[in-house]
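Residue numbers (the numbering used here): 209 to 557.
Where is the CB? At the ideal position from N, CA and C, for every residue including glycine.
Remember, predicted model here, so these are calculated numbers, not experimental data.
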């Protein structure tokens with residue numbers, strides 16, 4: 209028996225933010241970052257909720273760590289918040305998800321993504337970092353799935369090119385990994401195919417600042433999120449988590465560098481190679497896993513990504529952390545320590 213639960217209500221289009229008025233009369237904590245705090249958007253979101261009482265927690269800065277979440281829980285409990293509204297990218301949404309979970313009580317969660325990348329607005333995942341140890345801890349729990357996601361492309365207008373590129377590459381990785389993950393099915397395949405093909409065709413226009421293209425990426429990000437929330441991810445994300453925590457490199461950038469290598473390695477499994485070939489055909493390139501890996505590599509090059517990541521890591525330790533990462537369980541191919549260490553040495557220059 210298989211299941212596919214679509215737990216998040218999606219709101220998009222003109223005046224999508226008007227839906228925040230549904231929170232009238234409640235106690236609302238808005239979780240955001242310094243950018244949206246400084247330009248007044250976080251305060252605007254708080255006003256739009258028409259809350260009986262609203263407070264701002266705007267301390268998110270980069271990937272959320274355990275100390276940040278602890279401070280957020282204090283703010284949550286001080287307000288006795290009934291609803292958390294996350295405004296920001298994956299970091300703000302991951303932090304917001306962790307607050308209710310850490311407080312040990314059910315808190316309604318609304319997400320307003322301001323980058324087209326993580327898909328966190330529809331998933332049961334949150335990734336937290338122990339900055340002192342350089343380790344990422346995943347939270348995976350159905351209670352983390354947001355109640356509502358408001359998709360408003362206007363927030364993507366001023367996103368810097370670099371962030372647009374990195375988050376879009378994360379979407380491409382989500383879709384590609386979900387497509388060949390152990391938990392994939394006909395429904396997740398349809399979502400992953402549509403998202404992967406769309407991102408591949410629109411990412412360069414989005415990077416150039418075209419708002420319609422950025423709005424498309426926001427939709428593809430959510431679709432890919434629904435796909436991998438059910439199907440799972442794989443070795444690329446497992447390695448990206450382990451490397452990103454050590455190199456302090458943006459997650460989407462690490463994924464972009466790793467993805468061609470993982471495609472080539474995963475293609476050793478015949479069933480995975482066939483699916484990669486089908487996906488390549490949908491992207492408009494020669495239908496083979498090798499062609500898909502090459503196309504992703506050329507795309508990353510056109511977008512200005514390096515072929516390797518800067519830094520020094522212990523390949524053996526990274527490989528062990530990657531094997532223990534929850535994403536690795538979704539990968540069809542079982543990697544040996546030697547195979548993982550080889551990939552790590554190839555991508556870290």
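The shortest C-alpha to C-alpha distance from residue 456 to any of 324, 328 and 270 is the one to 270. Residue ranges of uninterrupted beta strand (DSSP E) with 3 or more members, entirely inside the stretch 323–365 and ordered along the chain, are 333–338, 343–348 and 356–359. By the CB criterion at 8 Å, residue 231 and residue 292 fall outside the cutoff. Among the bridge pairs identified by DSSP, residue 319 is matched with 294 and 357. With a 10 Å radius around the Cβ and a threshold of 16 neighbouring Cβ atoms, residue 303 comes out buried.
In this structure, the beta-carbon distance from residue 355 to residue 295 does not fall below 8 Å. Residue 432 and residue 397 have their C-alpha atoms roughly 10 Å apart. About 11 Å separates the beta carbons of residue 250 and residue 237, which is beyond the 8 Å limit, so they are not a contact pair.
With respect to the C-alpha of residue 411, the residue from 512, 315 and 446 having the closest C-alpha is 512. Taking C-beta atoms as the reference points, residue 378 and residue 320 fail to come closer than 8 Å.
Within 10 angstroms of the beta-carbon of residue 483 lie 16 or more other beta-carbons, which makes it buried. The stretch 408–426 makes no contact with the stretch 519–539, as fewer than three CB pairs between them are under 8 Å.
As computed with DSSP, residue 220 is found in a beta bridge with 359. Excluding the 5 residues flanking it on each side, residue 485 has same chain C-beta neighbours closer than 7 Å at 495, 496 and 497, in chain order. Fewer than three pairs of CB atoms, one per stretch, sit closer than 8 Å, so the stretch 443–454 makes no contact with the stretch 401–418.
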